[in-house]
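Just below is one structure, and these are the notes that go with it.
Residue numbers (the UniProt record's numbering): 1 to 335.
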(Lines of atoms letter the chains of each structure in order from A; the text may use other names.)
(Lines give C-alpha, C1' and ligand atoms only; values in the text may rest on other atoms or scores of the structure.)
Protein backbone atom coordinates (compact mmCIF):
# COMPACT_ATOMS: atom_id res chain seq x y z
CA UNK A 1 0.00 0.00 0.00
CA UNK A 2 1.43 3.45 -0.91
CA UNK A 3 2.85 5.39 2.01
CA UNK A 4 2.42 9.13 1.72
CA UNK A 5 3.58 12.21 3.59
CA UNK A 6 1.52 12.92 6.71
CA UNK A 7 1.31 16.65 5.91
CA UNK A 8 -2.39 16.45 4.93
CA UNK A 9 -3.19 14.58 8.13
CA UNK A 10 -1.41 17.26 10.17
CA UNK A 11 -3.40 19.94 8.37
CA UNK A 12 -6.61 18.04 9.15
CA UNK A 13 -5.63 18.01 12.83
CA UNK A 14 -5.02 21.77 12.91
CA UNK A 15 -8.43 22.50 11.39
CA UNK A 16 -10.12 19.93 13.65
CA UNK A 17 -8.74 21.67 16.74
CA UNK A 18 -10.60 24.86 15.78
CA UNK A 19 -13.99 23.14 15.46
CA UNK A 20 -16.57 24.09 18.13
CA UNK A 21 -17.96 20.54 18.20
CA UNK A 22 -14.65 18.93 19.24
CA UNK A 23 -15.29 16.30 21.93
CA UNK A 24 -11.89 14.58 22.04
CA UNK A 25 -8.27 15.35 21.11
CA UNK A 26 -7.28 14.64 17.52
CA UNK A 27 -4.68 12.20 18.85
CA UNK A 28 -7.53 10.09 20.21
CA UNK A 29 -9.35 10.25 16.88
CA UNK A 30 -6.24 8.86 15.19
CA UNK A 31 -5.80 6.14 17.79
CA UNK A 32 -9.36 4.98 17.19
CA UNK A 33 -8.52 4.22 13.55
CA UNK A 34 -5.16 2.61 14.32
CA UNK A 35 -2.84 5.53 13.51
CA UNK A 36 0.03 6.31 15.88
CA UNK A 37 -0.51 9.93 17.09
CA UNK A 38 3.27 10.34 16.96
CA UNK A 39 2.99 11.06 13.24
CA UNK A 40 1.71 14.53 14.15
CA UNK A 41 5.07 15.57 15.60
CA UNK A 42 7.38 13.63 13.28
CA UNK A 43 8.44 15.96 10.41
CA UNK A 44 9.23 13.00 8.15
CA UNK A 45 6.23 10.84 9.04
CA UNK A 46 4.57 8.76 6.34
CA UNK A 47 1.26 6.91 6.57
CA UNK A 48 -0.67 4.51 4.38
CA UNK A 49 -3.14 6.09 1.98
CA UNK A 50 -6.05 4.01 3.26
CA UNK A 51 -5.22 5.06 6.83
CA UNK A 52 -5.44 8.72 5.82
CA UNK A 53 -8.78 8.14 4.10
CA UNK A 54 -10.13 6.31 7.15
CA UNK A 55 -8.96 9.12 9.44
CA UNK A 56 -10.77 11.71 7.30
CA UNK A 57 -13.97 9.67 7.30
CA UNK A 58 -13.81 9.05 11.06
CA UNK A 59 -13.10 12.70 11.86
CA UNK A 60 -16.27 13.72 10.03
CA UNK A 61 -18.15 11.07 12.03
CA UNK A 62 -16.73 12.27 15.36
CA UNK A 63 -17.74 15.86 14.58
CA UNK A 64 -21.12 14.79 13.23
CA UNK A 65 -20.44 16.97 10.18
CA UNK A 66 -19.98 15.36 6.74
CA UNK A 67 -18.87 18.72 5.29
CA UNK A 68 -15.79 18.92 7.54
CA UNK A 69 -13.45 17.23 5.05
CA UNK A 70 -14.39 19.69 2.31
CA UNK A 71 -14.06 22.63 4.71
CA UNK A 72 -10.63 21.40 5.77
CA UNK A 73 -9.62 21.31 2.12
CA UNK A 74 -10.91 24.84 1.62
CA UNK A 75 -8.80 25.95 4.60
CA UNK A 76 -5.63 24.91 2.75
CA UNK A 77 -2.92 27.53 3.07
CA UNK A 78 -0.13 28.26 0.63
CA UNK A 79 2.22 25.28 0.76
CA UNK A 80 6.01 25.40 0.95
CA UNK A 81 6.69 22.30 -1.10
CA UNK A 82 8.66 22.00 -4.32
CA UNK A 83 5.44 21.57 -6.32
CA UNK A 84 4.03 24.75 -4.77
CA UNK A 85 7.13 26.78 -5.63
CA UNK A 86 7.11 25.40 -9.17
CA UNK A 87 3.44 26.33 -9.53
CA UNK A 88 4.02 29.93 -8.51
CA UNK A 89 6.97 30.25 -10.91
CA UNK A 90 5.09 28.66 -13.84
CA UNK A 91 4.07 30.67 -16.89
CA UNK A 92 0.59 29.16 -17.42
CA UNK A 93 -1.95 26.93 -15.71
CA UNK A 94 -1.03 24.21 -18.21
CA UNK A 95 2.56 24.29 -16.99
CA UNK A 96 1.37 24.12 -13.37
CA UNK A 97 -0.48 20.90 -14.21
CA UNK A 98 2.52 19.43 -16.05
CA UNK A 99 4.76 20.04 -13.05
CA UNK A 100 2.18 18.55 -10.68
CA UNK A 101 1.96 15.44 -12.87
CA UNK A 102 5.73 15.03 -12.79
CA UNK A 103 6.78 16.06 -9.28
CA UNK A 104 3.78 15.40 -7.01
CA UNK A 105 5.07 11.83 -6.55
CA UNK A 106 7.63 13.35 -4.17
CA UNK A 107 4.73 13.96 -1.76
CA UNK A 108 2.20 11.28 -2.71
CA UNK A 109 3.22 8.32 -4.85
CA UNK A 110 -0.39 7.26 -5.52
CA UNK A 111 -2.39 10.38 -6.38
CA UNK A 112 -2.31 11.34 -10.05
CA UNK A 113 -3.61 14.37 -11.95
CA UNK A 114 -5.39 13.56 -15.21
CA UNK A 115 -6.50 16.12 -17.79
CA UNK A 116 -9.96 15.56 -19.27
CA UNK A 117 -11.16 17.84 -22.06
CA UNK A 118 -14.86 18.76 -22.16
CA UNK A 119 -16.98 21.37 -23.94
CA UNK A 120 -17.57 23.19 -20.64
CA UNK A 121 -13.84 23.45 -19.97
CA UNK A 122 -10.82 21.25 -19.16
CA UNK A 123 -11.09 19.12 -16.02
CA UNK A 124 -8.17 18.34 -13.73
CA UNK A 125 -9.25 14.96 -12.35
CA UNK A 126 -7.80 13.15 -9.36
CA UNK A 127 -7.06 9.46 -9.81
CA UNK A 128 -5.88 6.81 -7.36
CA UNK A 129 -4.78 3.29 -8.18
CA UNK A 130 -5.94 2.15 -4.75
CA UNK A 131 -9.05 4.09 -3.71
CA UNK A 132 -11.98 4.71 -6.05
CA UNK A 133 -13.89 7.93 -5.48
CA UNK A 134 -17.03 6.17 -4.24
CA UNK A 135 -15.05 4.18 -1.64
CA UNK A 136 -13.78 7.23 0.28
CA UNK A 137 -15.99 10.20 -0.68
CA UNK A 138 -15.00 12.44 2.26
CA UNK A 139 -11.31 11.87 1.53
CA UNK A 140 -11.85 12.77 -2.13
CA UNK A 141 -13.63 15.97 -1.04
CA UNK A 142 -10.63 16.95 1.09
CA UNK A 143 -8.33 16.50 -1.91
CA UNK A 144 -10.55 18.22 -4.48
CA UNK A 145 -11.30 21.21 -2.27
CA UNK A 146 -7.62 21.50 -1.41
CA UNK A 147 -6.76 21.50 -5.13
CA UNK A 148 -9.45 24.13 -5.74
CA UNK A 149 -7.88 26.44 -3.15
CA UNK A 150 -4.39 25.91 -4.56
CA UNK A 151 -5.66 26.87 -8.01
CA UNK A 152 -7.25 30.03 -6.61
CA UNK A 153 -4.06 30.91 -4.73
CA UNK A 154 -1.79 30.33 -7.73
CA UNK A 155 -3.86 31.75 -10.60
CA UNK A 156 -5.48 34.56 -8.62
CA UNK A 157 -9.10 35.48 -7.77
CA UNK A 158 -9.92 36.55 -11.34
CA UNK A 159 -9.42 33.03 -12.70
CA UNK A 160 -12.75 31.35 -13.33
CA UNK A 161 -15.45 30.27 -13.33
CA UNK A 162 -14.47 27.01 -11.67
CA UNK A 163 -16.58 23.99 -10.73
CA UNK A 164 -16.05 21.14 -8.27
CA UNK A 165 -16.83 17.64 -9.57
CA UNK A 166 -17.50 14.62 -7.36
CA UNK A 167 -18.31 11.01 -8.23
CA UNK A 168 -20.64 10.44 -5.29
CA UNK A 169 -24.26 11.19 -6.15
CA UNK A 170 -25.77 12.72 -3.00
CA UNK A 171 -27.84 15.83 -3.91
CA UNK A 172 -28.41 16.88 -0.29
CA UNK A 173 -24.73 16.66 0.54
CA UNK A 174 -23.85 18.57 -2.64
CA UNK A 175 -26.29 21.28 -1.60
CA UNK A 176 -24.57 21.50 1.78
CA UNK A 177 -21.16 21.82 0.12
CA UNK A 178 -22.44 24.67 -2.06
CA UNK A 179 -22.84 26.76 1.09
CA UNK A 180 -19.07 26.74 1.58
CA UNK A 181 -17.80 27.57 -1.92
CA UNK A 182 -18.51 30.30 -4.45
CA UNK A 183 -18.63 27.98 -7.46
CA UNK A 184 -20.74 25.15 -8.84
CA UNK A 185 -20.65 21.76 -7.11
CA UNK A 186 -21.60 18.85 -9.39
CA UNK A 187 -22.18 15.32 -8.08
CA UNK A 188 -22.62 12.00 -9.87
CA UNK A 189 -19.74 12.84 -12.22
CA UNK A 190 -17.43 10.39 -14.03
CA UNK A 191 -14.43 11.78 -12.14
CA UNK A 192 -13.64 13.89 -9.09
CA UNK A 193 -11.72 17.08 -9.74
CA UNK A 194 -11.88 20.75 -10.66
CA UNK A 195 -13.29 22.03 -13.94
CA UNK A 196 -11.44 25.05 -15.30
CA UNK A 197 -12.91 27.72 -17.58
CA UNK A 198 -12.74 27.25 -21.35
CA UNK A 199 -9.21 28.21 -22.39
CA UNK A 200 -8.13 28.09 -18.76
CA UNK A 201 -5.01 26.02 -19.41
CA UNK A 202 -3.42 29.00 -21.18
CA UNK A 203 -4.21 31.45 -18.37
CA UNK A 204 -1.00 33.30 -17.32
CA UNK A 205 0.31 32.90 -13.76
CA UNK A 206 0.91 36.38 -12.26
CA UNK A 207 3.99 35.27 -10.27
CA UNK A 208 5.78 33.58 -13.21
CA UNK A 209 9.58 33.51 -12.88
CA UNK A 210 11.39 31.61 -15.65
CA UNK A 211 14.83 32.08 -14.09
CA UNK A 212 13.69 30.51 -10.81
CA UNK A 213 11.89 27.79 -12.75
CA UNK A 214 15.10 26.36 -14.20
CA UNK A 215 16.65 26.10 -10.74
CA UNK A 216 13.55 24.46 -9.24
CA UNK A 217 13.27 21.93 -12.07
CA UNK A 218 16.92 20.93 -11.65
CA UNK A 219 16.32 20.47 -7.92
CA UNK A 220 13.17 18.45 -8.57
CA UNK A 221 14.86 16.17 -11.10
CA UNK A 222 17.69 15.52 -8.64
CA UNK A 223 15.18 14.58 -5.93
CA UNK A 224 13.29 12.27 -8.27
CA UNK A 225 16.50 10.41 -9.10
CA UNK A 226 17.04 9.72 -5.39
CA UNK A 227 13.55 8.41 -4.81
CA UNK A 228 13.70 4.61 -4.56
CA UNK A 229 11.52 2.87 -7.09
CA UNK A 230 8.87 1.37 -4.85
CA UNK A 231 7.54 -2.05 -5.70
CA UNK A 232 3.89 -1.76 -6.62
CA UNK A 233 1.62 -2.49 -3.69
CA UNK A 234 -0.32 -5.73 -3.80
CA UNK A 235 -3.52 -3.69 -3.98
CA UNK A 236 -2.33 -1.95 -7.14
CA UNK A 237 -1.24 -5.24 -8.68
CA UNK A 238 -4.62 -6.82 -7.98
CA UNK A 239 -6.47 -3.80 -9.43
CA UNK A 240 -4.33 -3.84 -12.56
CA UNK A 241 -4.78 -7.59 -12.97
CA UNK A 242 -8.57 -7.34 -12.68
CA UNK A 243 -8.68 -4.47 -15.19
CA UNK A 244 -6.50 -6.43 -17.60
CA UNK A 245 -9.09 -9.23 -17.62
CA UNK A 246 -11.98 -6.87 -18.33
CA UNK A 247 -13.91 -6.64 -20.56
CA UNK A 248 -14.44 -10.35 -20.21
CA UNK A 249 -14.38 -12.80 -17.32
CA UNK A 250 -14.04 -11.27 -13.84
CA UNK A 251 -11.36 -13.35 -12.12
CA UNK A 252 -12.17 -14.81 -8.72
CA UNK A 253 -10.00 -14.19 -5.69
CA UNK A 254 -8.62 -17.72 -6.03
CA UNK A 255 -7.69 -17.11 -9.67
CA UNK A 256 -5.97 -13.83 -8.83
CA UNK A 257 -4.04 -15.47 -5.99
CA UNK A 258 -2.89 -18.26 -8.29
CA UNK A 259 -1.71 -15.79 -10.94
CA UNK A 260 0.23 -13.88 -8.27
CA UNK A 261 1.82 -17.16 -7.15
CA UNK A 262 0.32 -17.25 -3.67
CA UNK A 263 -2.48 -18.98 -1.83
CA UNK A 264 -5.86 -17.32 -1.38
CA UNK A 265 -5.22 -17.14 2.36
CA UNK A 266 -1.91 -15.34 1.79
CA UNK A 267 -3.56 -12.91 -0.63
CA UNK A 268 -6.31 -12.18 1.90
CA UNK A 269 -3.80 -11.66 4.70
CA UNK A 270 -1.57 -9.29 2.72
CA UNK A 271 -4.52 -7.27 1.42
CA UNK A 272 -5.89 -6.99 4.96
CA UNK A 273 -2.50 -5.61 6.04
CA UNK A 274 -2.94 -2.95 3.35
CA UNK A 275 -6.39 -2.11 4.68
CA UNK A 276 -8.46 -3.64 1.91
CA UNK A 277 -9.77 -6.91 0.45
CA UNK A 278 -10.25 -8.54 -2.94
CA UNK A 279 -13.97 -7.74 -3.19
CA UNK A 280 -13.40 -4.00 -2.65
CA UNK A 281 -10.60 -3.89 -5.22
CA UNK A 282 -12.61 -5.82 -7.80
CA UNK A 283 -15.56 -3.49 -7.30
CA UNK A 284 -13.31 -0.43 -7.64
CA UNK A 285 -11.92 -1.79 -10.91
CA UNK A 286 -15.39 -2.57 -12.24
CA UNK A 287 -16.68 0.85 -11.17
CA UNK A 288 -13.88 2.72 -12.95
CA UNK A 289 -14.37 0.74 -16.15
CA UNK A 290 -18.16 1.01 -16.02
CA UNK A 291 -17.98 4.81 -15.95
CA UNK A 292 -15.59 4.88 -18.89
CA UNK A 293 -17.79 2.54 -20.93
CA UNK A 294 -21.02 4.40 -20.14
CA UNK A 295 -19.42 7.59 -21.44
CA UNK A 296 -18.83 5.84 -24.77
CA UNK A 297 -21.45 4.55 -27.19
CA UNK A 298 -21.88 1.27 -25.28
CA UNK A 299 -25.39 0.50 -24.09
CA UNK A 300 -26.10 -0.38 -20.46
CA UNK A 301 -26.76 -3.99 -21.46
CA UNK A 302 -23.43 -4.14 -23.28
CA UNK A 303 -21.54 -2.74 -20.29
CA UNK A 304 -23.20 -5.28 -17.99
CA UNK A 305 -22.14 -8.10 -20.32
CA UNK A 306 -18.59 -6.82 -20.82
CA UNK A 307 -18.03 -6.47 -17.06
CA UNK A 308 -19.26 -10.03 -16.44
CA UNK A 309 -22.54 -9.31 -14.67
CA UNK A 310 -25.29 -11.92 -14.86
CA UNK A 311 -27.73 -9.43 -16.33
CA UNK A 312 -28.44 -5.72 -16.71
CA UNK A 313 -30.46 -5.60 -13.49
CA UNK A 314 -27.55 -6.93 -11.42
CA UNK A 315 -25.23 -4.35 -12.98
CA UNK A 316 -27.68 -1.51 -12.29
CA UNK A 317 -27.99 -2.50 -8.62
CA UNK A 318 -24.20 -2.66 -8.23
CA UNK A 319 -23.62 0.63 -10.06
CA UNK A 320 -26.13 2.46 -7.87
CA UNK A 321 -24.45 1.03 -4.77
CA UNK A 322 -21.08 2.31 -6.00
CA UNK A 323 -22.13 5.76 -7.19
CA UNK A 324 -25.54 6.58 -5.73
CA UNK A 325 -27.07 6.82 -9.20
CA UNK A 326 -28.31 4.38 -11.84
CA UNK A 327 -26.40 3.70 -15.07
CA UNK A 328 -29.21 5.35 -17.07
CA UNK A 329 -29.10 8.51 -14.94
CA UNK A 330 -25.30 8.58 -15.14
CA UNK A 331 -25.41 8.24 -18.93
CA UNK A 332 -28.04 11.00 -19.29
CA UNK A 333 -26.19 13.38 -16.99
CA UNK A 334 -22.79 12.88 -18.58
CA UNK A 335 -23.74 11.96 -22.14
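We put the beta carbon where it would ideally sit given N, CA and C, even for glycine.
Given the structure is predicted, the values throughout are model-derived calculations rather than measurements.
Asked: Proximity below 7 Å, CB of residue 205 to CB of residue 90; Found: yes
Asked: Segment contact, 8 Å Cβ cut-off, at least three pairs: the segment 131-143 with the segment 295-311; Found: no
Asked: Cut-off 6 Å between Cβ atoms - residues of its own chain near residue 12, not counting five sequence neighbours on either side; Found: 72
Asked: Where residue 69 falls, given that 16 or more other Cβ within 10 Å makes a residue buried; Found: buried
Asked: Residue burial classification, residue 189 (beta-carbon count within 10 angstroms, cutoff 16); Found: buried
Asked: Segment contact flag, the segment 108-119 with the segment 174-189, C-beta cutoff 8 Å, min 3 pairs; Found: no
Asked: One or two residues paired with residue 194 in a DSSP bridge; Found: 124 and 164
Asked: Where the beta strand (DSSP E) through residue 5 begins and ends; Found: 3-5
Asked: Option in 260, 135, 84 and 287 with minimal Cα separation from residue 208; Found: 84
Asked: Complete runs of the beta strand (DSSP E) confined to the segment 27-114 [at least 3 residues]; Found: 46-48
Asked: CB of residue 276 within 7 Å of CB of residue 244, strictly; Found: no
Asked: C-beta atoms of residue 75 and residue 154 nearer than 7 Å; Found: no
Asked: Same chain, Cβ closer than 7 Å to residue 129, neighbours up to 5 away in sequence not counted; Found: 110, 236 and 239
Asked: Beta carbon of residue 62 nearer than 7 Å to that of residue 96; Found: no
Asked: Rounded straight-line distance, which links the Cα of residue 104 to that of residue 302; Found: 37 Å
Asked: Beta bridge counterpart(s) of residue 204 as assigned by DSSP; Found: 92
Asked: Limits of the beta strand (DSSP E) - the one that residue 186 falls within; Found: 184-186
Asked: For residue 6, the nearest candidate out of 23, 199, 21 and 40 (CA to CA); Found: 40
Asked: Close Cβ partners of residue 256 (< 8 Å) along its chain, the five nearest in sequence each way excluded; Found: 238, 241, 242, 267 and 278
Asked: Those residues which DSSP pairs with residue 279 across a bridge; Found: Note: residue 279 sits in no beta bridge, so no partner.
Asked: Identity of the residues DSSP links to residue 226 by a beta bridge; Found: In DSSP, residue 226 forms no bridge with anything.
Asked: Span separating the alpha-carbon of residue 424 from that of residue 92; Found: The chain is shown only over 1 to 335; residue 424 falls outside these bounds and no answer can be derived.
Asked: Beta-carbon proximity check, residue 168 vs residue 324, cutoff 7 Å; Found: yes
Asked: Residue burial classification, residue 135 (beta-carbon count within 10 angstroms, cutoff 16); Found: buried
Asked: Cβ-based neighbour list, residue 300, same chain, cut-off 8 Å, excluding 5 preceding and 5 following; Found: 294, 312, 315, 316, 327, 328 and 331
Asked: Entirely enclosed alpha helix (DSSP H) segments - the UniProt domain "HTH araC/xylS-type" (236-333), minimum 4 residues; Found: 253-259, 264-273, 278-294, 300-306 and 312-323
Asked: Endpoints, alpha helix (DSSP H) assigned at residue 189; Found: Residue 189 -> no alpha helix (DSSP H), and no H or E assigned at all.
Asked: Buried/exposed call for residue 147, threshold 16 Cβ in 10 Å; Found: buried
Asked: Outcome for residue 59 when other beta-carbon atoms lying within 10 angstroms are tallied against a minimum of 16; Found: buried
Asked: Closest Cα partner of residue 290 within the set 123, 149, 248 and 193; Found: 248
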